[in-house]
Amino acid sequence: MTDEPSMFMVEICDRRMQFFYIFAFSLFFLLLMIPYLFVLDPNSAVYVVSAMNAFGLGVFALLSGGAIWYCKRYY
C-alpha cells in the first residue's frame, strides 16, 4: 500500500470548491426543512416527501462535508 492518494480522491480534491457549494446548499435547505417537519401532519403524503427530502439533503451534506474534511486534512 502506498501513501500516494488515489486518482479519484485527487480529482475530488481538485473540485473542493464545488463540494463546498453542494455542502452549503444542502445544509441551508436542510435547516429550512427540519422545522417544517414539526408543522406537518405525520400521516400526510407531504410529510413523507419532506422527510425523504430531508434525508437526501442530510446525505448530500454528510458526503460533501466528508470530502471537504478529507481534502483539508490530507492536502
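With the working numbering applied, the sequence shown corresponds to residues 132 to 206, in that order. We put the beta carbon where it would ideally sit given N, CA and C, even for glycine.
Taking the alpha carbon of residue i as the reference point, which residue from the options has its own alpha carbon closest?
i	options	result
Ile199	Leu171, Met148, Val179	Met148
Lys203	Ile165, Val170, Ile143	Ile143
Ala155	Ser137, Val190, Tyr206	Val190
List the endpoints of the continuous alpha helix (DSSP H) containing residue i.
i	result
Tyr205	176-205
Ser157	147-170
Taking the alpha-carbon positions, what's the residue i to residue j distance?
i	j	result
Tyr178	Leu162	16 Å
Ile165	Tyr201	27 Å
Ile153	Asp145	15 Å
Kindly give me the distance between the Cβ atoms of residue i and residue j, rounded to whole angstroms, as I take these residues to be in contact under 8 Å.
i	j	result
Ser195	Ser157	7 Å
Leu264	Ala192	Any question about residue 264 goes unanswered here, given that the chain covers just 132 to 206.
Leu188	Phe150	Going by Cβ atoms, the distance from Leu188 to Phe150 rounds to 15 Å, so no, they are not a contact pair.
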